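Participant: Okay, handing you the structure first.
Chains as they are written, first to last, in the numbering used here: chain A, 1 to 270; chain B, 271 to 634.
In structure tokens:
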């Protein structure tokens, strides 16, 4: 076609594109597929198919340690994601509703620091700081985990919120001010309602990131503060039980559900 | 007080924008203008002339570097927008997408803390005014561009502002709709009795709608006057060129008396022309002759003579482009009514008669 010629480079037309793409998808999804399939295995071996069964879901569900870890994970994720979304929302407003100034880029970098610093560095530094705090205050509750999770969730909440704010038509806020809305009223009546999809996206991302975290949690947690991921990691050190597959499958289902939900929420708003 | 009779009084207003590094942009340069109560006032000029900046300063989205802006005699230059009894119709309408048409119109009244029943009554009154009653509960994304325009108008008029600002509100509409809205806006201004300040770069729009026009260029107001004034008595090249089509003739003043001057024209002959109110400029002068004030006559007759270069037919009239004896281009607009004008073809010699009292000397 005549219009085809104007395109300088069409990646789809390159030889081997299909093959490479297929290979990538296999690498990504084959292990997950195997994990999910063996969660329904009737046998005890995680590599030997012995027929369909829900027994591992049942035993995981009945396992009190799993229950406790799951509740802790959900609590941690919801609290951290809430705080992170509020903080990230404020940071996003402060960094978008301003004339660009020297140092703004530096602030972006500071806010997004947890994305760039290796997680293990954050984990070790938090371990050292919190162990001091634990000695000084005598408090060793879940507060440290909440703090740590909030901190590394902030950039994940910040990015979608900032994107939403940047794409928002600024004349809308101007129109509100023109129609006698004070800055607070304009925020409440115009900016905030239009920001909701960004906040929801930020919250969901933060929630999933917190739910998933192993490294920082492993370093920061006090004794007996297992979350689901750290519990699973602990289990792997012993005889591997397909219970892990079952838990992971539930995790996966939850993530897929959240992402799908988010997709529909976002589409409706636009 | 005399000043209370004026809706807006801008006094020595300048706005300087700091660019990158040492750059400074003087978007408004010592602008003073008086906009009367109840007036349809237009700020006209090309993009970058400062008209939108002036509008934004009146609305309160920006603050002047120097000068003051009085609204009914009170200086509002430094008030935030929500404390000014001034509303704006935005170029892109800026309707709140998460609200219905009715909620959009009610917004300003709610912010002013009006009682619910008053708001409801006012919203239906406004919907009626812009003929949109049946669309009250629609989302703003579910209505056409022309309808959005009306909602924006209704929303801005609902709180009964002292002054309504309109920032090129018709530029997004197609030709036919724009024509209709021009009439609609005139009607609304007449019915509501609110002072309208209208910003446009479209000279035709300005001429047809305004009570008075301020022509702006490069951050300055060049001339303020009625459409007729500005068209018939432009002060300088820019205004004459920006509004309508114009012929410029160069020449020297031989004598002047009582606001009239006898000018010896560069292409030959003499003309009696009006002197600008500010006085005669020094040296060689330019004068302006509108194409409809010139008629073709037999060669050797009239005030000027030239050769026909092109003839362009426009239906109601014909534009005849000529070259004068000294090479100056000159255009004559002839009405195409039966029996009017002289028949010419390309290459013909022709005389040009200029209606007495119409030529005018420019300040530059």
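Where is the CB? At the ideal position from N, CA and C, for every residue including glycine. Because the structure is a prediction, the values reported are computed rather than measured.
(1) Kindly provide the ranges of any beta strand (DSSP E) runs that are 3 or more residues long and lie completely inside the segment 348–418 of chain B, ordered along the chain.
(2) Quick one: residues in its chain with C-beta nearer than 6 Å to the C-beta of residue 361(B), no 5 flanking neighbours on either side, listed in chain order?
(3) Let's test the definition: count the other Cβ atoms within 10 Å of the Cβ of residue 15(A) and tell me whether it reaches 16, buried, or not, exposed.
(4) Would residue 180(A) count as contacting chain B if we go by Cβ distances under 9 Å?
(5) Look up residue 606(B) in the DSSP assignment and say whether it is helix, strand or coil.
(6) Residue 398(B) to residue 409(B), Cα distance in whole Å?
(7) Say whether chain A places a C-beta atom closer than 9 Å to the C-beta of residue 382(B).
(8) So residue 68(A) is in the alpha helix (DSSP H); what residue range does that whole segment cover?
(9) Apart from the five residues just before and just after residue 265(A), which ones in its own chain have a Cβ nearer than 6 Å to its Cβ?
(10) For the candidate residues 622(B), 545(B), 461(B), whose alpha-carbon lies nearest to that of residue 529(B)?
(11) May I ask which residues mark the beginning and end of the beta strand (DSSP E) holding residue 557(B)?
(12) Taking the alpha-carbon of residue 44(A) as reference, which of 108(A), 223(A), 239(A) has the nearest alpha-carbon?
(13) Let me know if residue 630(B) comes out buried or exposed under the rule of 16 or more other beta-carbons within 10 Å of its beta-carbon.
(14) Look up residue 579(B) in the DSSP assignment and say whether it is helix, strand or coil.
(15) Please list the partners that residue 132(A) has in chain B, where partner means a Cβ-to-Cβ separation under 7 Å.
(16) Which of the three DSSP states is assigned to residue 283(B) in this structure?
(17) Please report the straight-line C-alpha distance between residue 235(A) and residue 62(A), rounded to a whole angstrom.
(18) Grab me the residues of residue 93(A)'s own chain with a C-beta within less than 7 Å of its C-beta, minus the 5 sequence neighbours each way, in chain order.
(19) Any C-beta of chain E within less than 9 Å: which residues of the segment 329–352 of chain B qualify?
(20) Would you mind stating whether residue 227(A) and residue 125(A) have Cβ atoms separated by less than 9 Å?
(21) Classify residue 130(A): buried if its beta carbon has 16 or more other beta carbons within 10 angstroms, exposed otherwise.
(22) Between the segment 148–182 of chain A and chain B, which residues of the former have a C-beta closer than 8 Å to a C-beta of the latter?
(23) Could you check whether the segment 468–476 of chain B touches the segment 288–304 of chain B, counting it as contact only if at least three pairs of C-beta atoms, one from each stretch, sit closer than 8 Å?
(24) Helix, strand or coil: which one does DSSP assign to residue 271(B)?
(25) Sort 500(B), 371(B), 576(B) by Cα distance to residue 596(B) and report the nearest one.
(26) So, is the C-beta of residue 193(A) closer than 9 Å to a C-beta in chain B?
(27) Report back the beta-carbon spacing between residue 358(B) and residue 426(B) to the nearest angstrom; my notes put them in contact at under 8 Å.
Facilitator: Walking through what the data contain:
(1) Qualifying beta strand (DSSP E) stretches, in chain order: 356–359.
(2) 437, 438.
(3) Exposed is the call here.
(4) Yes, residue 180(A) lies at the interface with chain B (some Cβ there is under 9 Å from its Cβ).
(5) The answer is coil: DSSP assigns residue 606(B) none of H, G, I, E or B.
(6) Cα-Cα distance, rounded: 18 Å.
(7) Judged by the 9 Å Cβ criterion, residue 382(B) is in contact with chain A.
(8) Residue 68(A) -> alpha helix (DSSP H) spans 64–96.
(9) Answer for residue 265(A): 200, listed in chain order.
(10) Between residue 529(B) and the set 622(B), 545(B), 461(B), the nearest pair of CA atoms involves 545(B).
(11) Annotation for residue 557(B): the continuous beta strand (DSSP E) segment containing it runs 555–559.
(12) The residue from 108(A), 223(A), 239(A) with its alpha-carbon nearest to that of residue 44(A) is 239(A).
(13) By the neighbour-count rule (16 or more Cβ atoms within 10 Å), residue 630(B) is buried.
(14) It is a strand residue.
(15) Listed by position along chain B, the residues whose Cβ is nearer than 7 Å to that of residue 132(A) form an empty set, because the closest Cβ is around 47 Å away.
(16) Looking at residue 283(B) - three-state DSSP - the assignment turns out to be strand.
(17) So the two alpha carbons sit approximately 16 Å from each other.
(18) Apart from the 5 residues on each side of it in sequence, residue 93(A) sits with its Cβ closer than 7 Å to the Cβ of 165 in its chain, given in chain order.
(19) Protein chains A and B are contained in the structure displayed, whereas chain E is not.
(20) Not a contact, by the Cβ cut-off of 9 Å.
(21) That one is buried.
(22) For the segment 148–182 of chain A, which is checked against every Cβ of chain B, the residues closer than 8 Å are 169, 171, 172, 174, 175, 176, 177, 178, 179, 180, 181, 182.
(23) Fewer than three Cβ pairs drawn from the segment 468–476 of chain B and the segment 288–304 of chain B lie within less than 8 Å of each other, which leaves the two stretches out of contact.
(24) Residue placement at residue 271(B) cannot be trusted, given a pLDDT of 43 that sits under 50; what the coordinates show is reported in the next sentence. Under the three-state reduction of DSSP, residue 271(B) is assigned to coil, being neither helix nor strand.
(25) Nearest Cα to residue 596(B) within the set 500(B), 371(B), 576(B): 576(B).
(26) For residue 193(A), at least one C-beta of chain B is nearer than 9 Å to its own C-beta.
(27) Confirmed, Cβ separation roughly 6 Å.
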